[in-house]
DNA sequence: CATATGAGTGACTGTACACTCACTCACCCC
DNA sequence: GGGGTGAGTGAGTGTACAGTCACTCATATG
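Residue numbers (my numbering), protein chains in the order written: chain P, 76 to 262; chain X, 76 to 262.
Next up, the structure:
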């Protein structure tokens with residue numbers, strides 16, 4: 076243990092930390108709207124080193140997205156484990172609540188929306204599909220719900236994304252409450 | 076450019092044409108990923124003149140989004156008019172089919188996804204909310220369906236956006252068909 | 001014809017950004 | 001203590017792009 080200001084780490088140890096910073100940074104500005112310099116600042120390292128850890132911006136975004144989708148599945152898992160019964164609809168509901176709780180800070184939600192926006196970049200599209208596959212298959216197999224119920228689960232998840240990104244939950248008009256009704260918000 | 080080939084028009088007549096080009100251009104690359112020069116080329120005018128017609132890129136995007144949302148409502152209207160009965164659920168279904176037909180070329184769909192992505196830009200967020208308000212209120216009032224049915228209509232619309240942007244419809248796996256099932260695709 | 005008005009542009013400016021490279025320095029093993 | 005390996009950076013480079021401006025020219029009217 077050197078008492079020195081040894082901030083040295085291994086590249087392999089640093090990469091996931093940078094990916095975690097990238098999640099919040101890209102969530103804020105999207106793919107094109109976020110610079111490597113911002114991710115570097117959030118990570119406490121130089122832009123040059125970010126580029127060394129992730130050879131292209133695209134790869135950095137993919138790493139962030141993978142991190143994001145992993146956290147989503149973990150949240151669903153925790154929700155399912157905490158369900159009051161193992162009835163498929165109850166489990167699915169519990170997953171929905173867990174998801175709503177997870178995205179209270181908006182970062183994981185926004186990143187998914189941004190990813191949709193640039194899914195035509197092949198590597199990003201592939202990562203998005205992989206993430207959706209794990210979410211969907213997990214929701215289906217863990218809950219044991221019908222295909223239709225899982226589809227509905229995902230559909231209302233997407234509606235939730237729209238409500239948050241567009242800021243609909245703060246609108247008092249009837250059309251807005253109609254959309255938000257029953258969608259669990261962050262406190 | 077040779078003065079012969081230039082066809083003079085009024086700025087007010089040209090603006091909507093440029094907005095229409097902007098719809099497809101922004102749909103392709105999103106807000107940050109699309110340059111004014113691209114819109115200019117698609118419109119057959121110079122970048123400088125695009126900037127004269129729309130003083131900022133932001134305003135240009137807003138114009139495109141407004142055009143987009145207007146076309147969506149018009150499509151819903153046509154769908155409702157073509158419904159086989161005036162039963163609320165039937166009308167809503169007909170609107171869904173009309174929407175699916177409208178977004179066959181993906182441009183109007185992609186633009187909405189891109190708009191979500193940059194909805195934190197105040198003017199764009201406002202335009203998005205305005206568009207969603209007109210879609211939602213129209214769907215509700217024209218169909219006469221329950222709030223819950225309209226909410227479901229919108230939720231599955233969002234799921235449709237996800238399916239198309241992520242390219243899920245081409246995946247033969249079960250998780251993918253589960254999501255796409257019953258969502259009308261373009262031929 | 002003379003002059004005004006407005007459409008439309010070429011050339012430019014300032015800036016921002018992804019990525020590179022030569023380099024420094026910390027740590028480890030002898 | 002000396003040399004090798006890899007962490008980490010400062011200073012660039014090339015490029016792309018939003019917005020500006022002085023200008024040309026077409027048309028309209030007296």
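Heads up, the beta-carbon is just placed ideally off N, CA and C, and yes, glycines get one too. Note that the structure is a prediction, hence the values are computed from the model and not measured.
TODO: Within its chain, find whatever has a CB closer than 8 Å to the CB of residue 214/P; leave out the 5 residues flanking it on each side and keep chain order.
DONE: 151, 167, 170, 220, 225, 228 and 229
TODO: Please name the residues in the region 139 to 171 of chain P whose beta-carbon is closer than 7 Å to at least one beta-carbon of chain X, in chain order.
DONE: Hits within the stretch: zero.
Task: Check whether residue 239/X and residue 178/X have beta carbons under 9 Å apart - done: yes
- [ ] Name the residue from 91/P, 144/P and 193/P whose alpha carbon lies nearest to the alpha carbon of residue 118/P.
- [x] 91/P
TODO: Can you tell me which of 249/X, 259/X and 137/X puts its alpha carbon nearest to the alpha carbon of residue 197/X?
DONE: 137/X
Open item on the list: On the criterion of 16 or more Cβ atoms from any shown chain inside 10 Å, does residue 149/X qualify as buried, or is it exposed?
Closed with: exposed
TODO: Over the uninterrupted alpha helix (DSSP H) stretch that includes residue 152/P, give me the two end residues.
DONE: 132 to 156
TODO: Using a Cβ-Cβ cut-off of 9 Å, state whether residue 79/P counts as contacting chain X.
DONE: Residue placement at residue 79/P cannot be trusted, given a pLDDT of 32 that sits under 50; what the coordinates show is reported in the next sentence. No - not a single Cβ of chain X is within 9 Å of the one on residue 79/P.
- [ ] Closer than 7 Å, Cβ to Cβ, to anything on chain X: give me those residues from the region 196 to 212 of chain P, in chain order.
- [x] Flagged, chain order: 200, 203, 204, 207, 208, 211 and 212.
Task: Unbroken alpha helix (DSSP H) run spanning residue 125/X, endpoints - done: According to the DSSP assignment, residue 125/X belongs to the alpha helix (DSSP H) that extends over 122 to 128.
TODO: Starting from the C-beta of residue 194/X, find all residues in its chain whose C-beta is less than 6 Å away, skip the five residues before and the five after it, and write them out in chain order.
DONE: Contacts found: 200 and 203.
TODO: Quick one: grab the DSSP three-state call for residue 194/X.
DONE: coil
Task: Cβ pair count under 8 Å reaching 3, the region 129 to 148 of chain X against the region 91 to 108 of chain X - done: yes
Task: Reduced DSSP secondary structure (H/G/I, E/B, other) of residue 236/P - done: It is helical.
Task: Start-to-end residues for the alpha helix (DSSP H) that takes in residue 249/X - done: 249 to 255
- [ ] Can you tell me which of 174/P, 112/P, 223/P and 147/P puts its alpha carbon nearest to the alpha carbon of residue 259/P?
- [x] 174/P
Open item on the list: Residues in the same chain with beta-carbon distance under 7 Å from residue 101/P, minus the five sequence neighbours each way, listed in chain order, please.
Closed with: 109, 136, 139, 186 and 189
- [ ] State the DSSP-derived secondary structure class of residue 189/P, mapped to helix, strand or coil.
- [x] helix
Open item on the list: I need the boundaries of the alpha helix (DSSP H) containing residue 181/X, first residue and last residue.
Closed with: No alpha helix (DSSP H) contains residue 181/X, which DSSP labels as neither H nor E.
Open item on the list: Pop quiz: residue 241/P and residue 207/X are said to be a contact at Cβ under 8 Å. What is the actual Cβ separation, rounded to whole angstroms?
Closed with: 6 Å
- [ ] Taking residue 241/P as the query, report the chain X residues whose CB atoms sit under 8 Å from its CB, ordered along the chain.
- [x] Here the neighbours are 191, 194, 200, 203, 204 and 207.
Open item on the list: Using the three-state DSSP reduction, which class does residue 209/P fall into: helix, strand or coil?
Closed with: Look at residue 209/P here: in three-state DSSP terms it is helix.
- [ ] Following the continuous alpha helix (DSSP H) through residue 246/P, name the residue where it begins and the one where it ends.
- [x] Taken as a continuous stretch (DSSP letters only), residue 246/P belongs to no alpha helix (DSSP H), as it is neither H nor E.
Open item on the list: Distance cutoff 9 Å, beta carbons only. Does residue 100/X sit that close to anything in chain P?
Closed with: no
Open item on the list: Distance cutoff 9 Å, beta carbons only. Does residue 111/P sit that close to anything in chain X?
Closed with: No, residue 111/P lies away from the interface with chain X (no Cβ there is under 9 Å from its Cβ).
Open item on the list: Can you tell me whether residue 65/X is buried or exposed? The criterion is at least 16 other CB atoms within 10 Å of its CB, across all chains shown.
Closed with: No statement about residue 65/X is possible, as the shown extent of chain X runs from 76 to 262 and does not include it.
Open item on the list: Between 212/P, 156/P, 163/P and 165/P, which has its C-alpha nearest residue 250/X's C-alpha?
Closed with: In this structure, 212/P is the residue among 212/P, 156/P, 163/P and 165/P with its C-alpha nearest to the C-alpha of residue 250/X.
Open item on the list: Taking 8 Å as the limit between beta carbons, can you name the residues of its chain near residue 77/P, skipping five residues before and five after?
Closed with: Any reading at residue 77/P must be qualified, since the residue scores a pLDDT of 31, below 50, and its modelled position is unreliable; the value itself is stated next. Within the same chain, residue 77/P has no close Cβ partners at all.
Open item on the list: Give me the subset of the region 124 to 135 of chain X whose CB atoms are less than 8 Å from a CB atom of chain P, sorted by chain position.
Closed with: none
Task: residue 243/X to residue 157/P span [Cα, whole Å] - done: Distance between the alpha carbons of residue 243/X and residue 157/P: 30 Å.
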